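Participant: In my numbering, the protein residues as written are 8 to 216.
For each residue, glycine too, the CB sits at the ideal point set by N, CA and C.
Nothing here was measured: the structure is a model prediction, and the numbers come from that model.
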């Protein structure tokens, strides 16, 4: 059961999403299928659009009379909310790669992954500004971290790890994030993540390149 289904499956919002996953619908369509007023549906759609779950998909015009209806559907980037497949597939893939490659080769593969994840063009500005950009990027991956000034640079100190399921069995995974942050900020990034327990925490030191 996905995170979304556990938390919202039985709510009005969850019922709207369940219908939209099967195909785009207008406010009137949703109201009729759910037995709600148009205004009640619109209020839920406003929240779902704000959260990036639902998006307008187009306009439907029926005949030549009347106002065209906006159709809504699941936002393109919202698919991960409904899936539990990503973590186990990644872990299994890393297991297979670990069986077929040396640790050094696996680290090299992870660095290649990090370079591909990094956006084009390194961040500009002071070291502090670029360190903040790195922390923000980690946050976009699902991490929660503090940016702490240290001698010669900055530390990103995470509370947990967005790739914990993979990191527990394959600490080389951290190299992908290290490389991504270095490429994205044009700084020197050194990973020193805390993997002493079953709940790893991100740690990255950032200094001038």
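For the beta strand (DSSP E) containing residue 95, name the first residue and the last one.
Facilitator: Unbroken run through residue 95 is the alpha helix (DSSP H), 93 to 107; no beta strand (DSSP E).
Participant: Considering only residues of the same chain and omitting the five flanking positions on each side of residue 20, which have a CB-CB separation below 6 Å?
Facilitator: Result list for residue 20: 51, in chain order.
Participant: Excluding five sequence neighbours on each side, which residues of the same chain lie with their C-beta closer than 8 Å to the C-beta of residue 23?
Facilitator: Correct list, in chain order: 37, 41, 48, 51, 52, 55, 61.
Participant: Whole angstroms are fine: how far does the CA of residue 154 sit from the CA of residue 129?
Facilitator: For residue 129 and residue 154, the distance between alpha carbons rounds to 19 Å.
Participant: Is the segment 142 to 159 close to the segment 195 to 205, with three or more CB pairs under 8 Å?
Facilitator: Result no; under three Cβ-Cβ pairs closer than 8 Å.
Participant: On the DSSP bridge assignment, give the partners of residue 183 in chain order.
Facilitator: DSSP output for residue 183 lists no bridge partner at all.
Participant: Beta carbon of residue 162, beta carbon of residue 213: below 9 Å?
Facilitator: For residue 162 and residue 213, yes; Cβs fall inside 9 Å.
Participant: Using beta-carbon positions only, say whether residue 189 and residue 117 come within less than 9 Å of one another.
Facilitator: Cβ distance not < 9 Å, so residue 189 and residue 117 don't count as in contact.
Participant: Checking 9 Å against the spacing of the C-beta atoms, do residue 122 and residue 44 come in under that value?
Facilitator: Against a cut-off of 9 Å, the Cβ pair of residue 44 and residue 122 comes out as no contact.
Participant: Taking its Cβ as the centre, do 16 or more other Cβ atoms sit within 10 Å of residue 150, making it buried, or is it exposed?
Facilitator: Counting Cβ neighbours within 10 Å, residue 150 comes out buried, since at least 16 surround it.
Participant: Look at the alpha carbon of residue 133 and the alpha carbon of residue 215, and state the distance between them as a whole number of angstroms.
Facilitator: Cα-Cα distance, rounded: 9 Å.
Participant: In angstroms with no decimal places, state the Cα-to-Cα distance between residue 200 and residue 28.
Facilitator: Going by the C-alpha atoms only, they are around 38 Å apart.
Participant: Which residues mark the beginning and the end of the beta strand (DSSP E) in which residue 65 is found?
Facilitator: It spans 61 to 67 - the beta strand (DSSP E) in which residue 65 sits, taken as one unbroken run.
Participant: Which partner residues does residue 162 have in the DSSP bridge list?
Facilitator: BP columns for residue 162 point to 155, 212.
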